[in-house]
Amino acid sequence: MHNTSTRSNRITASRVILTVLSVFVLVLMANFAALVLLKSAENGNRGYWRIGAMWNLLGRMEEPTDWLVLGDSSGFRGFDPAVWQDATGEKAINLSATVQVVSAGYAMLLKGYIERFGAPKAVIVIHTYDAWYREVDTLAVGQTPLWGIWENRSAGLFSIVQSAKILLTKIFPIYYSDTSLPSLVLRPYTIRFTANPLTIATNRARVADNGFEPAPGTETDSVVSDLAGHLRFVSRVAGRNVELSDVNKAALHQLGELSDQYEFDIYLVNGPIHTNLNDDRDFQNHYSKLRQALTEEIGPFKRLHLLPGEPKTFETHQLFNSIDHVTGESAESYTRWLADRVAR
Amino acid sequence: MLTQRWLRVQNTLLLVASYIFYGWWDWRFLGLIALTTVVDFAMSNLIHTSNDALRRKAFLVFSIVFNLGILGFFKYFNFFEDSAVSLLKMFGMQPDFFTLKILLPVGISFYTFQSMSYTIDVYRGALKPTRNLFDYALFVSFFPQLVAGPIERVPHLLPQVTGKRTITWEGINSGLALLVWGFFKKVVIADMVGLIADEIFNGYDDLHGIVILIGMLAFTVQIYADFSAYSDIARGLSKMMGFDLMVNFRLPYFARNPADFWRRWHISLSSWIRDYLYIPLGGNRGGKWKTYRNIFVAMALSGLWHGAAWNFVLWGVYHGAPQVGHRAWLDRFPPPKDRPPGGWQSNALVVAQVAGMFTLTVIGWVLFRSRSMDQIVGMFTHLGFGVTDQALDLGYQLAYFTLPLVVVQVFQLAKNELHLFEGIRAPAQVAVYTYLIVMSLAFALRAPSEFIYFQF
Chain A
1 MHNTSTRSNR ITASRVILTV LSVFVLVLMA NFAALVLLKS AENGNRGYWR
51 IGAMWNLLGR MEEPTDWLVL GDSSGFRGFD PAVWQDATGE KAINLSATVQ
101 VVSAGYAMLL KGYIERFGAP KAVIVIHTYD AWYREVDTLA VGQTPLWGIW
151 ENRSAGLFSI VQSAKILLTK IFPIYYSDTS LPSLVLRPYT IRFTANPLTI
201 ATNRARVADN GFEPAPGTET DSVVSDLAGH LRFVSRVAGR NVELSDVNKA
251 ALHQLGELSD QYEFDIYLVN GPIHTNLNDD RDFQNHYSKL RQALTEEIGP
301 FKRLHLLPGE PKTFETHQLF NSIDHVTGES AESYTRWLAD RVAR
Chain B
1 MLTQRWLRVQ NTLLLVASYI FYGWWDWRFL GLIALTTVVD FAMSNLIHTS
51 NDALRRKAFL VFSIVFNLGI LGFFKYFNFF EDSAVSLLKM FGMQPDFFTL
101 KILLPVGISF YTFQSMSYTI DVYRGALKPT RNLFDYALFV SFFPQLVAGP
151 IERVPHLLPQ VTGKRTITWE GINSGLALLV WGFFKKVVIA DMVGLIADEI
201 FNGYDDLHGI VILIGMLAFT VQIYADFSAY SDIARGLSKM MGFDLMVNFR
251 LPYFARNPAD FWRRWHISLS SWIRDYLYIP LGGNRGGKWK TYRNIFVAMA
301 LSGLWHGAAW NFVLWGVYHG APQVGHRAWL DRFPPPKDRP PGGWQSNALV
351 VAQVAGMFTL TVIGWVLFRS RSMDQIVGMF THLGFGVTDQ ALDLGYQLAY
401 FTLPLVVVQV FQLAKNELHL FEGIRAPAQV AVYTYLIVMS LAFALRAPSE
451 FIYFQF
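Here is the structure:
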């Protein structure tokens, strides 16, 4: 046999095995370091970070609330619990996450809340219009922390493959993370920590205690660009029927069952929306079909309500960086509008 | 030292595994590789047992025509048809040929050449054919090198199939080094710089300045990292099973002249072309003009082997021209036999030669990667010195991903040693492997892509 090496044979079984084991251990340590890096809001995808942060906020709560607000980013930008309390006299907490977890994420958080505090007085689910036919992003759901009250909240929501991917995302972020990790590895000079990295590993990095994250100003170009994208989208889908995704259907059923079992009301509310989009005929066509599909799906559940009427609209200068993220000032307007429609 | 006693069981397992591996992509083409195997096995045995020169030649011709026919049909049918249609249209005709949607079987260019070399070697009397069809089938279909080489030769691989193999810890250590380095080269280097190359080649129309050069360099790195990664992975897996596959790359970007480049790049193909095309055409035995012709033809066909498109032929011809030119130069100005070694002038000459050959190679890769003459012209005419933010960002990324490759290659050159990682001390080996694996995991899935040479 052709021998490509002229060195004497000094490779032993123990050396090879030890090398492999050592590398394995070091890779695991690197994986833990990746976990720490990505759990920090400064380094990872902020949307994904928000998901984990909501579970930690839930874990930090010391008292129950009257109104539990769940939903996506249109919710955590748009709903201000302090304004709600001022308008209604009742407490609220905003555990809105991001749209990637779709309503499965909301159902999981609600179950976690009920586990800790029992049923709230009522729940508001704030979501963007195009959330209901999306499939779940397993990478997003994998941002729930590794252990704690969030365990076993996903029963009945995901397939075996989705569940496996979620688990791998949680324990093996070095491989399953999104573009954040490669970006940090490519540009290590951008890594920042504003909190103790050791606490970040358990995702105790904080948001405000009521969960509200006011938007930092307005980015007109982004809003205009996002609006154009949505107008193109609705013109493409206007004639089609709306089919809710399987995961959303399963989550709606769980929300409905919980509301019936614990006897509290859940209100499905569309988040803030750009005036021009709302006025668009194709959007209106599509939106009415969406509402029809939602109405049919939640029909069996007496305490699961779809808020009637048109969504609350805003102009470009009142929005942050998309058609459904309001500025900090406009959040007050949205919250008061909600209070007027829901709480009274 | 580990010894393997059940050769027949091993070979059967390997053969089944190889066919499952190949069939996983598309089971319909298992029949094709099996047919190639049976035909060449039969023809080689008929050649060996026949005493009639004419019959022996007829069996050889049958084997060659069969193999090239299959290759020609699956790979080149639509290419030649489209070319014929274009040619006829130039003369004002409007031919109405039918178009077949022909799926190119993965690895067909590799295993047909590998199988053909067997029949040709038997005909030449260079070796006796094996009597065991299954051993031969394993030689043709051995899964680590089946789909993208190296194109193995019978005297090298078949004895390892039929003879007793030894799996040693040194082999496993060596195999692991090749595997880890190969995966890193593919997942981190090739795929990441491939994104840069794609961005620039696909958007060249709107780009000008140094960013074009970055795109050219990115593809130069991508194709080498991608192809050599596959070879490393194939060799690494094989070593861990007790097989030794041939080295397919020997620091090709340090070549000093065109002939040197082809002694370092895709060695298994270039040596195949030399032994089964260039030499049968006459090699360098018919005078200088015939030699130049033979070099040119060999390189043009080598280009055509890569793909059914005129840019590949152009690339082959492009590489043929400097080879002929270099040969002519040496014929006219042969190097002095007693040139003293060393000295800064000698080193400067080497650096200049390497830089010159590298430049020629980069130009060739533009021809290889481009999809049209417009793109080729556009890439060169848009080249310039203008620096943009995009160029800075992509340049940084190119440097970031290429640096490990450059470091390793420089060390390999300095130590005159291709097998770098397996010989270093254990702590250094652990550190290097950890770095390579962590980076591979972090960048995997970002841009999953096939190996480039799978398409050939």
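Protein chains in written order, with the working numbering: chain A, 1 to 344; chain B, 1 to 456.
Don't be surprised by glycine CBs; every beta carbon is placed ideally from N, CA and C.
These figures come from a predicted structure and were not determined experimentally.
Start and end residues, alpha helix (DSSP H) containing A/A352: Given that chain A is displayed from residue 1 to residue 344, the structure contains no residue 352 of chain A and the question cannot be resolved.
Residue range of the unbroken alpha helix (DSSP H) whose run includes B/Y318: 310-332
Continuous beta strand (DSSP E) stretch holding A/Y267: start and end: 265-270
Where A/T190 falls, given that 16 or more other Cβ within 10 Å makes a residue buried: With fewer than 16 Cβ atoms within 10 Å of its Cβ, A/T190 is classed as exposed.
Residues that B/H266 bridges to, as DSSP identifies them: For B/H266, which the question treats as bridged, DSSP gives no partner whatsoever.
A/A215 vs A/G328 beta-carbon contact at 8 Å: Pairing A/A215 with A/G328 gives a Cβ-Cβ distance under 8 Å.
For A/W67: DSSP bridge partner residues: As DSSP reads the structure, A/W67 sits in a beta bridge with A/A92, A/A122.
C-alpha gap between A/N45 and A/S180, whole angstroms: 6 Å
CB contact below 8 Å: B/I172 versus chain A: At least one C-beta of chain A is nearer than 8 Å to the C-beta of B/I172.
Distance, A/P188 Cα to A/I11 Cα: Rounded to the nearest angstrom, the two C-alpha atoms are 36 Å apart.
B/A234 and B/L217 closer than 8 Å at C-beta: no
Under the three-state DSSP convention, the category A/V326 falls into: strand
CB contact check: A/I51 to chain B, cutoff 8 Å: For A/I51, the answer is no, since every Cβ of chain B falls outside 8 Å of its Cβ.
Close beta carbons around B/A444, own chain, < 8 Å, minus the five adjacent residues each side: V187
B/I167 (DSSP reduced to helix, strand or coil): Per DSSP, reduced to three states, the secondary structure at B/I167 is strand.
Chain-ordered neighbours of A/V23 on chain B, where CB pairs are closer than 7 Å: V430, Y433, T434, I437
Beta carbon of B/F229 nearer than 8 Å to that of B/G283: Reading the sequence as shown, one finds Ala at residue 229 of chain B and not Phe. No, they are not a contact pair.
7 Å Cβ cut-off: residues of chain B touching A/S181: Inspection of the sequence shows that residue 181 of chain A is occupied by Leu rather than by Ser. A442, listed in chain order.
Test: A/I11 CB closer than 8 Å to a CB of chain B: yes
Cβ pair count under 8 Å reaching 3, the segment 124-144 of chain B against the segment 294-306 of chain B: no
C-alpha distance - B/D52 paired with B/W329, whole-angstrom precision: 45 Å
Rounded C-alpha distance that separates A/S154 from A/Y176: Cα-Cα distance, rounded: 19 Å.
Simplified DSSP assignment, three categories, for B/G209: strand
Separation of A/A131 from A/S245, as counted between CA atoms: 9 Å
Euclidean distance between Cα positions of B/L176 and A/A33: So the alpha carbons of these two residues sit roughly 25 Å apart.
Reference B/A225; option with closest CA among B/S117, B/G203, B/W344, B/F401: B/F401
Below-8 Å beta-carbon distance, A/L167 vs any chain B residue: no
Three or more C-beta pairs below 8 Å linking the segment 265-277 of chain B and the segment 103-120 of chain B: yes
Interface partners of B/Q397 on chain A, CB under 8 Å: L186
Residue nearest to B/G242 in terms of C-alpha spacing, selected from B/M439, B/L178, B/K164: B/K164
Sheet register partners of B/L383 (DSSP bridge): B/G209
Residue(s) in a DSSP beta bridge with A/L304: Partner(s): A/I266.
As assigned by DSSP and simplified to three states, the class of B/H419: Three-state DSSP puts B/H419 in coil, outside helix and strand.
The segment 22-41 of chain A: positions lying closer than 7 Å to chain B by Cβ: S22, V23, L26, V27, A30
Counterpart residues of A/F314 in DSSP-defined beta bridges: A/H274
Local conformation of B/L360 per DSSP, three classes: helix
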